[in-house]
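Visitor:
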Amino acid sequence: MTTTMSNPAPAIEVENLCIRYGGVTAVENVSFIAAGGEQLTLLGPSGCGKTSTLRAVAGLETPTSGAIRIGGQTVYDNRAGVNVRTEQRGMSMVFQSYAIWPHMTVFENVAYGLRVRKHGGAALADKVRHALDLVKMGQYAGRNASALSGGQQQRVALARAVAFSPSVILFDEPLSNLDAKLRSEMRIELRELQRRLGVTSLYVTHDLEEALAMSDRVVVMRAGAVEQSGTPAEIYDLPRTAFVADFVGSANLVSGDVVASDADRGTVAIRTKDGLVVHGVTHGRRVEQAGTISIRTVHLSLAAERPAGEVNVWPVQIMRSVFLGDVMQVHVLWGAQELVIRRIGAPLNIGGEAAFLHAPPERCALLEASG
Amino acid sequence: MATVVAMVAVLVLYPMYYLFQAALDVGLPDTRPPTAYGVANFAKLLDYPTVLWNTLVVTCAATLLALLFGFISAWILTRTNVPFRRTLDQLMTVPYYVTPLLGALAWSLLGAPESGFINQVWRKFFGTEALIDITSPMGIAWVMALFEGSVAYVMISAVMQSMDPALEEASAVMGGSRWRTMWRITLPLVAPGVLGAAIFVFAEMLGSFSVALVLGTPARFYVITTAIYHFVSQYPPRIALAAAMGASLFAVMFAMLWLYRWLTSRNSFVTVSGKAFRPRVMDMGPLRWVLFAVVALYVLASAALPVATLLFAALQKLAVAFPAASNFTLDHFRQAFSINAVRTAMLNSIMLAMVTATIGVIMTGLLSWIILRSRLPGRGVLEYLAMFPQAVPRIVFAFGMMWAWLVFPLPVYGTFWVLLIAYLTVFMPLGVRTISGVVLQLDKSLDECGQVCGASWWYRMRTITAPLLRPGLLAAWLLIFVASVRELGASILLMGPDSKVMTPAIVEAWFSSSSELTAAMALIQTVVITATMVVFGLFTRRLAQRAVSAP
Numbered sequence: 034m035t036t037t038m039s040n041p042a043p044a045i046e047v048e049n050l051c052i053r054y055g056g057v058t059a060v061e062n063v064s065f066i067a068a069g070g071e072q073l074t075l076l077g078p079s080g081c082g083k084t085s086t087l088r089a090v091a092g093l094e095t096p097t098s099g100a101i102r103i104g105g106q107t108v109y110d111n112r113a114g115v116n117v118r119t120e121q122r123g124m125s126m127v128f129q130s131y132a133i134w135p136h137m138t139v140f141e142n143v144a145y146g147l148r149v150r151k152h153g154g155a156a157l158a159d160k161v162r163h164a165l166d167l168v169k170m171g172q173y174a175g176r177n178a179s180a181l182s183g184g185q186q187q188r189v190a191l192a193r194a195v196a197f198s199p200s201v202i203l204f205d206e207p208l209s210n211l212d213a214k215l216r217s218e219m220r221i222e223l224r225e226l227q228r229r230l231g232v233t234s235l236y237v238t239h240d241l242e243e244a245l246a247m248s249d250r251v252v253v254m255r256a257g258a259v260e261q262s263g264t265p266a267e268i269y270d271l272p273r274t275a276f277v278a279d280f281v282g283s284a285n286l287v288s289g290d291v292v293a294s295d296a297d298r299g300t301v302a303i304r305t306k307d308g309l310v311v312h313g314v315t316h317g318r319r320v321e322q323a324g325t326i327s328i329r330t331v332h333l334s335l336a337a338e339r340p341a342g343e344v345n346v347w348p349v350q351i352m353r354s355v356f357l358g359d360v361m362q363v364h365v366l367w368g369a370q371e372l373v374i375r376r377i378g379a380p381l382n383i384g385g386e387a388a389f390l391h392a393p394p395e396r397c398a399l400l401e402a403s404g
Numbered sequence: 002m003a004t005v006v007a008m009v010a011v012l013v014l015y016p017m018y019y020l021f022q023a024a025l026d027v028g029l030p031d032t033r034p035p036t037a038y039g040v041a042n043f044a045k046l047l048d049y050p051t052v053l054w055n056t057l058v059v060t061c062a063a064t065l066l067a068l069l070f071g072f073i074s075a076w077i078l079t080r081t082n083v084p085f086r087r088t089l090d091q092l093m094t095v096p097y098y099v100t101p102l103l104g105a106l107a108w109s110l111l112g113a114p115e116s117g118f119i120n121q122v123w124r125k126f127f128g129t130e131a132l133i134d135i136t137s138p139m140g141i142a143w144v145m146a147l148f149e150g151s152v153a154y155v156m157i158s159a160v161m162q163s164m165d166p167a168l169e170e171a172s173a174v175m176g177g178s179r180w181r182t183m184w185r186i187t188l189p190l191v192a193p194g195v196l197g198a199a200i201f202v203f204a205e206m207l208g209s210f211s212v213a214l215v216l217g218t219p220a221r222f223y224v225i226t227t228a229i230y231h232f233v234s235q236y237p238p239r240i241a242l243a244a245a246m247g248a249s250l251f252a253v254m255f256a257m258l259w260l261y262r263w264l265t266s267r268n269s270f271v272t273v274s275g276k277a278f279r280p281r282v283m284d285m286g287p288l289r290w291v292l293f294a295v296v297a298l299y300v301l302a303s304a305a306l307p308v309a310t311l312l313f314a315a316l317q318k319l320a321v322a323f324p325a326a327s328n329f330t331l332d333h334f335r336q337a338f339s340i341n342a343v344r345t346a347m348l349n350s351i352m353l354a355m356v357t358a359t360i361g362v363i364m365t366g367l368l369s370w371i372i373l374r375s376r377l378p379g380r381g382v383l384e385y386l387a388m389f390p391q392a393v394p395r396i397v398f399a400f401g402m403m404w405a406w407l408v409f410p411l412p413v414y415g416t417f418w419v420l421l422i423a424y425l426t427v428f429m430p431l432g433v434r435t436i437s438g439v440v441l442q443l444d445k446s447l448d449e450c451g452q453v454c455g456a457s458w459w460y461r462m463r464t465i466t467a468p469l470l471r472p473g474l475l476a477a478w479l480l481i482f483v484a485s486v487r488e489l490g491a492s493i494l495l496m497g498p499d500s501k502v503m504t505p506a507i508v509e510a511w512f513s514s515s516s517e518l519t520a521a522m523a524l525i526q527t528v529v530i531t532a533t534m535v536v537f538g539l540f541t542r543r544l545a546q547r548a549v550s551a552p
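Chains as they are written, first to last, in the working numbering: chain R, 34 to 404; chain P, 2 to 552.
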């Protein structure tokens with residue numbers, strides 16, 4: 034099944050990477066390590082420096098300072114004066130625009146990397162066919178590349194990227210030009226493929242679902258710097274900052290003075306201006322005099338009767354509910370603040386406007402003070 | 002990089018330096034370098050108020066007419082359901098290929114007060130007066146406008162096509178009538194674009210040379226460009242005066258083109274974007290056949306009629322409107338091919354144009370790549386330099402070159418070398434613009450992907466960049482070739498007795514031998530150019546098909 038076990042895929046190490054264009058800093062002190070065979074995703078809004086970072090790893094962008102190592106080999110280090118040219122870094126990449134060469138056939142596009150490596154004859158044809166079969170484009174080999182639809186081009190770009198059996202593949206928002214349905218299909222296929230090939234991949238996207246669904250680990254970037262890195266679950270459940278809480282899914286942020294904290298059990302409680310007390314978890318974060326807690330919209334629940342004996346139960350006023358298809362979004366007045374709750378399917382079984390809101394304390398994550 | 006910038010700078014600025022040196026030279030005559038500098042030469046321009054006035058009148062009239070032609074045809078072809086729209090759209094660019102020189106020759110045969118065919122016909126049926134006088138200022142403006150109208154059409158129709166039809170539809174939905182929509186919405190929105198076209202056309206008209214030379218000179222009617230030629234070629238030449246005129250003309254044209262660039266880059270009307278929309282088409286009912294006739298008439302007057310007239314004249318012993326059967330002859334064509342001078346000029350032109358096009362494509366291809374794809378410092382300066390010759394009328398540029406190369410240590414003046422250098426310089430903007438258009442359309446990642454795949458620079462150049470650029474390079478080659486064969490303004494001043502080329506030879510023949518022979522020569526040149534374009538077209542199509550059918 035996994036042929037690459039004997040020859041493990043190399044790790045990608047990025048250390049204190051800085052990229053400046055003139056006076057503008059695009060990437061500032063970014064460091065991360067993608068372990069061999071791992072899929073690491075750089076996630077962030079446009080202009081956060083994720084694409085610049087990826088292009089620096091590819092060698093398409095020359096950083097200002099820092100170091101990049103692939104499989105222990107230094108490919109860029111400003112202090113050592115090393116900058117290996119892109120074509121000698123031996124990786125592969127899928128471009129946002131696909132970059133399918135319009136003057137070649139599908140076959141020739143996929144064969145390119147093999148021809149560069151002096152493959153030829155039946156072995157080459159075999160590998161190309163194998164790569165095209167992987168993306169279910171086998172019957173299009175003779176087709177002119179300019180006559181393909183967007184989805185087909187995307188598949189050909191993928192086949193081209195894997196045809197010469199690279200051990201590192203870079204993805205620059207490869208799904209952003211596809212429609213929503215095709216995108217969610219390709220997401221799964223890409224993930225499968227990456228697992229099957231056992232390659233190390235660095236994936237750039239601004240799409241949250243894509244990042245959570247496809248990655249072993251996620252690095253959230255903001256304004257050129259790393260905001261938080263961890264597994265998808267960590268990022269989602271325990272956002273480090275307000276930015277991550279907001280960017281990675283939808284969250285309610287509540288702030289107040291810290292009224293209790295237990296360093297051993299890792300719990301904390303804050304009281305808002307309206308006098309409401311919220312219990313949460315610190316996850317090892319430093320507790321100050323005041324704090325902000327993030328509660329995911331899906332972790333809040335509503336009930337007509339007061340749930341007995343629980344903490345984090347508050348009376349609220351229901352303001353409006355919005356039907357969104359898969360979920361129902363309810364806006365409630367919590368003290369003087371508006372909170373948003375998302376719940377699956379069933380309509381709200383509450384007669385009037387008054388209801389009780391509940392949030393499990395282990396789902397209420399304390400954020401770091403700054404950020 | 003510094004070498005490239007320096008090379009282009011020498012090509013472009015060295016002649017300009019000598020132009021200004023000559024214009025500011027108030028020292029002893031015939032002494033170089035000048036012994037004293039001053040602006041007295043510019044003051045002398047005021048002694049020639051007629052030249053300035055003629056230029057102003059002809060340029061303004063021609064600009065207005067050309068815009069009218071361009072605007073009306075653009076409106077008809079983009080906004081109405083005129084029949085045969087696509088064919089007409091293609092035909093609208095033909096006048097540009099017919100060239101003003103050919104048009105001037107033909108219209109001179111048609112509209113000269115005494116011998117013009119139209120006047121002969123008019124006299125035969127309606128009396129003794131001449132109907133039209135093509136050698137009058139308005140006649141000259143008419144011919145100039147006929148050929149520049151095609152340029153105005155291309156510019157204005159591009160503006161009209163880039164307007165979102167929803168803006169007009171919004172007016173219609175709110176109850177605005179067709180004409181109200183046209184006056185209150187369409188016109189104000191296209192106005193900046195039309196203004197840009199007006200400035201561009203005006204600048205081109207200021208620098209135009211051939212029409213005024215053919216139609217105006219015999220009657221001693223001079224505009225600035227023909228006056229410069231006159232001052233340089235008369236004996237004794239009045240170099241300082243010609244230089245001052247050239248420098249002033251350059252200054253005005255430079256200012257106009259600067260204004261044009263400023264206007265078009267400001268994007269004050271965001272609604273008129275670079276995107277092409279499918280404009281809303283008005284149903285004109287039976288009136289559409291009238292509109293069809295209007296556009297057809299323009300194409301007829303600017304393309305079909307001139308070529309037919311030249312053919313008609315070239316086939317007669319002595320060209321008249323009502324020839325006897327015995328008057329027809331092929332002698333002029335025979336003569337054109339048998340006169341050594343004409344044959345040499347023809348071959349010279351073709352050879353020179355091929356060399357110019359080949360070197361020019363390599364040079365401008367490299368320049369475009371550096372300007373658009375490199376990160377080298379100074380590429381902005383390079384772009385500016387490369388596009389600079391556009392702002393210099395060719396006759397003025399040729400004057401600067403003549404003056405520059407006369408004192409150059411290498412003996413290139415009067416040889417093909419100076420013509421080659423001149424062509425390479427004046428057609429630099431044409432090449433850079435054409436190739437840049439293609440380079441801009443190429444997604445950068447096409448090359449980067451090859452890089453990531455491990456291909457070296459040469460391998461990528463061979464397998465990716467060059468094949469993708471090929472259509473653009475071929476187009477640029479053809480454009481430069483055609484432009485070189487037809488070049489007049491620079492060649493007429495720079496060619497020597499041993500380096501004759503075709504277009505100036507045609508003008509010489511017009512003034513010194515028969516108009517029938519000239520017509521034959523002009524037709525031969527047109528056939529050569531057309532044949533090249535057709536062969537080239539077939540060749541490139543074959544290439545394209547081969548690319549498609551490749552395994």
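For every residue, glycine included, the Cβ atom is placed at its ideal position computed from N, Cα and C.
(1) Which residues in chain P have a C-beta closer than 8 Å to the C-beta of R:SER130? List them in chain order.
(2) Is any beta-carbon of chain R found at less than 7 Å from that of P:SER457?
(3) Which of helix, strand or coil does DSSP assign to R:GLY313?
(4) Going straight from the alpha carbon of P:PRO238 to that of P:PHE203, what length do you get?
(5) Can you find at least 3 beta carbon pairs, one from the segment 165-172 of chain R and one from the segment 183-191 of chain R, that sit closer than 8 Å?
(6) Looking at C-alpha atoms only, which residue of P:TRP404, P:ALA387 and P:GLY451 is the closest neighbour of P:THR426?
(7) For the beta strand (DSSP E) containing R:GLY324, name the first residue and the last one.
(8) Would you list, in chain order, the members of the segment 105-139 of chain R that have their beta-carbon closer than 7 Å to a beta-carbon of chain A?
(9) Let's test the definition: count the other Cβ atoms within 10 Å of the Cβ of R:ASN142 and tell me whether it reaches 16, buried, or not, exposed.
(10) Using DSSP's beta-bridge definition, name the partner residues of R:ASP295.
(11) Please return the same chain residues whose Cβ sits closer than 8 Å to the Cβ of P:MET254, not counting the five positions on each side in sequence.
(12) So, is the C-beta of R:GLY146 closer than 7 Å to a C-beta in chain P?
(13) Have a look at the DSSP bridge pairing and note the partners of R:ARG250.
(14) Within 10 Å of its beta-carbon, does P:ASP48 have 16 or more other beta-carbons around it, so buried, or fewer, so exposed?
(15) Using a Cβ cut-off of 7 Å, pull out every chain R residue sitting near P:GLN317, in sequence order please.
(16) Hey, how far is the Cα of P:ALA346 from the Cα of P:ALA506?
(17) Can you list the residues of chain R that P:PRO468 reaches, using a CB-CB cut of under 7 Å?
(18) Applying a beta-carbon distance threshold of less than 9 Å, which residues of chain P neighbour R:VAL189?
(19) At what residue ranges does the segment 361-398 of chain P contain a whole run of the alpha helix (DSSP H), taking only runs of 4 or more?
(20) How is R:LEU399 classed by DSSP in three states: helix, strand or coil?
(21) In chain R, which residues lie less than 7 Å from P:ILE577 when you measure between Cβ atoms?
(22) At a Cβ threshold of 7 Å, is P:VAL440 touching chain R?
(23) Scan the segment 145-168 of chain R for residues whose Cβ lies nearer than 7 Å to a Cβ of chain P and list them as they occur along the chain.
(24) Would you give the residue range spanned by the alpha helix (DSSP H) that P:GLY451 belongs to?
(25) Please report the straight-line C-alpha distance between R:MET219 and R:GLY175, rounded to a whole angstrom.
(26) Give a yes or no on whether 7 Å exceeds the smallest Cβ distance from P:CYS61 to chain R.
(27) Taking the straight line between their C-alpha atoms, what separation do you get for P:ILE555 and P:ILE371?
(28) Can you tell which of P:ILE77, P:ALA305, P:VAL343 and P:PRO390 has its C-alpha closest to the C-alpha of P:TRP290?
(29) DSSP puts R:ASP205 in a beta bridge; with which residues?
(30) Rounded to whole angstroms, what's the CA-CA distance from P:PHE338 to P:VAL58? Just pull it up for me.
(31) Within 8 Å, do at least three Cβ pairs link the segment 391-403 of chain R to the segment 264-284 of chain R?
(32) Going along chain R in order, which residues have a C-beta closer than 7 Å to the C-beta of P:VAL453?
(33) Determine the direct distance from the alpha carbon of P:ALA532 to that of P:GLN336, and round the result to whole angstroms.
(34) Whose Cβ in chain R lies nearer than 8 Å to the Cβ of P:TYR460?
(35) Bridge partners for R:ALA258 per DSSP, in chain order?
Guide: Well, looking at it:
(1) Correct list: ASP444 and SER446.
(2) yes
(3) strand
(4) Their Cα atoms are separated by approximately 29 Å.
(5) yes
(6) P:ALA387
(7) 323-329
(8) Among the protein chains in the structure shown, which are R and P, there is no chain A.
(9) buried
(10) Answer is R:THR300, bridged to R:ASP295.
(11) ALA204, LEU207, GLY208, ALA392, VAL393 and PRO394
(12) yes
(13) Note: R:ARG250 sits in a beta bridge opposite R:LEU73.
(14) exposed
(15) None at all; the shortest Cβ gap to chain R is about 52 Å.
(16) Just so you know, the alpha carbons of P:ALA346 and P:ALA506 end up roughly 7 Å apart.
(17) HIS136
(18) Residues of chain P passing the Cβ test: none, with the nearest at roughly 12 Å.
(19) 380-388
(20) Note: R:LEU399 maps to strand in three-state DSSP.
(21) The question about residue 577 of chain P has no answer here: the residues shown for chain P are numbered 2 through 552.
(22) no
(23) Near chain P, meaning a CB-to-CB distance below 7 Å, the residues of the segment 145-168 of chain R are TYR145, GLY146, VAL149 and ARG150.
(24) Membership of P:GLY451 in the alpha helix (DSSP H) is indicated by the continuous run 445-453.
(25) 23 Å
(26) Interface criterion not met: the Cβ of P:CYS61 is under 7 Å from no Cβ in chain R.
(27) The displayed coordinates of chain P run from 2 to 552. Any statement about residue 555 of chain P would go beyond what the structure contains.
(28) Closest option to P:TRP290, judged by alpha-carbon separation, among P:ILE77, P:ALA305, P:VAL343 and P:PRO390: P:ILE77.
(29) R:VAL237
(30) 40 Å
(31) yes
(32) ALA91, THR119, MET124, SER125 and MET126
(33) Taking the straight line from one Cα to the other gives about 21 Å.
(34) VAL149
(35) R:ARG255
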